[in-house]
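Single-structure report; data block below.
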Amino acid sequence: MKIKFCFKGIGAKLEKIVILLCLLLLVACQPQKKPEESTQVQVKITQVVSGQTLKVVGLGDQPSLISQVRLLGIDAPDLQQRPWGDAAKERLEAEVLEQPVILEFDVQIKDQFGRSLAYAWKNGVLLNEQLVKQGYALFVGRSPNHKYDLRLERAQQWARLMGLGIWDPQKPMRLTPAEFRRQYR
């Protein structure tokens, strides 16, 4: 149904204005995506605390300050879960200690303990994924950070199928890191 106006030509002009306003409103209501540069930062690893936690310099407003970073999407065995916890820590140390690494952030940037939450990249390789794929850590998706969940899940399927690390059929890890922490702490 068309609306008829008393003055010729006003209806078509008004229709165009309404359409233009609707389009502008739609564009204005779209969520703003942060630029890629702001979600990534290069840091130097000063210490590997565990198979999933790093101490870094070069993060935040004070680049000389040491910050803790928890790797997203993984749960490495507790250090008391021998031999798997030590193996995960040693593997991560071999990859990153005293070397530059790119940290990539997802939706939630810090956890309840004040640690930064990030994916770690070295030479174009997602280290979180490598730890899972080699059987040094479990994939654990945690909301709202799901950027690489599919990659991490596939890496875990591979490690499990190949019987690597914590999935070794001769010496499997019996408790997940979360179960271990609940039981022994």
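Position in the sequence shown counted from 1, then plus 148, gives you our numbering. We treat Cβ as the ideally placed atom computed from N, Cα and C, and that holds for glycine. Note that the structure is predicted; figures quoted are calculated from it, not measured.
For R322, the three-state DSSP class (helix, strand or coil): Position 174 of the sequence shown holds residue 322. The answer is coil: DSSP assigns R322 none of H, G, I, E or B.
Are Q216 and R263 close, meaning C-beta to C-beta below 9 Å? Walking along the sequence shown from the start, residue 216 turns up at place 68. Walking along the sequence shown from the start, residue 263 turns up at place 115. Yes. Within cutoff.
Give the single residue among S198, R322, F328 and Q305 whose Cα lies nearest to the Cα of V244. By 1-based counting over the sequence shown, the position of residue 244 is 96. The option with the nearest alpha carbon to V244 is S198.
Minimum length 4: unbroken alpha helix (DSSP H) runs contained in the region 277-317: Qualifying alpha helix (DSSP H) stretches, in chain order: 297-310.
C-alpha gap between E185 and F253, whole angstroms: Here the question's residue 185 lines up with position 37 in the sequence shown. Here the question's residue 253 lines up with position 105 in the sequence shown. At E185, the pLDDT of 44 sits below 50, so the modelled position is not reliable and the matter cannot be decided from this model.
Shortest alpha-carbon distance to Q188 belongs to which of I314, R322, P248 and W315? On the sequence shown, position 40 is the one that residue 188 refers to. When only C-alpha atoms are compared, the closest one is P248.
Going straight from the alpha carbon of Q318 to that of N271, what length do you get? Taking the sequence shown and counting its residues from 1, one reaches residue 318 at position 170. Taking the sequence shown and counting its residues from 1, one reaches residue 271 at position 123. Taking C-alpha positions only, Q318 is separated from N271 by approximately 33 Å.
Going straight from the alpha carbon of A236 to that of A224, what length do you get? One-based indexing of the sequence shown puts residue 236 at position 88. One-based indexing of the sequence shown puts residue 224 at position 76. Rounded to whole angstroms, A236 to A224 spans 7 Å at the Cα level.
Please classify Y296 as buried or exposed, where buried requires at least 16 neighbouring CB atoms within 10 angstroms. The residue labelled residue 296 in the question sits at position 148 within the sequence shown. Under this definition Y296 is a buried residue.
With which residues is P231 paired in a DSSP beta bridge? Indexing the sequence shown from 1 puts residue 231 at position 83. Looking at the DSSP assignment, P231 forms no beta bridge with any residue, so it has no partner.
Going by CA-CA distance only, name the one from N293, V273 and K161 that's closest to V377. No answer is possible for residue 377: it lies beyond the span of the chain, which begins at 149 and ends at 333.
Which of the three DSSP states, helix, strand or coil, is assigned to E246? Counting from one through the sequence shown, the residue named residue 246 turns up at place 98. Coil.
Compare the C-alpha of W315 against each of Q282, E327 and L207 and name the closest. As a working mapping, residue 315 is identified with position 167 in the sequence shown. It is Q282 whose Cα lies nearest to the Cα of W315.
Over the uninterrupted beta strand (DSSP E) stretch that includes K192, give me the two end residues. On the sequence shown, position 44 is the one that residue 192 refers to. Q188 to V196 is the extent of the beta strand (DSSP E) around K192.
For the region 195-223, list the alpha helix (DSSP H) runs that are entirely contained and at least 4 residues long, ordered along the chain. For the region 195-223, not a single whole alpha helix (DSSP H) run of length 4 or above is found.
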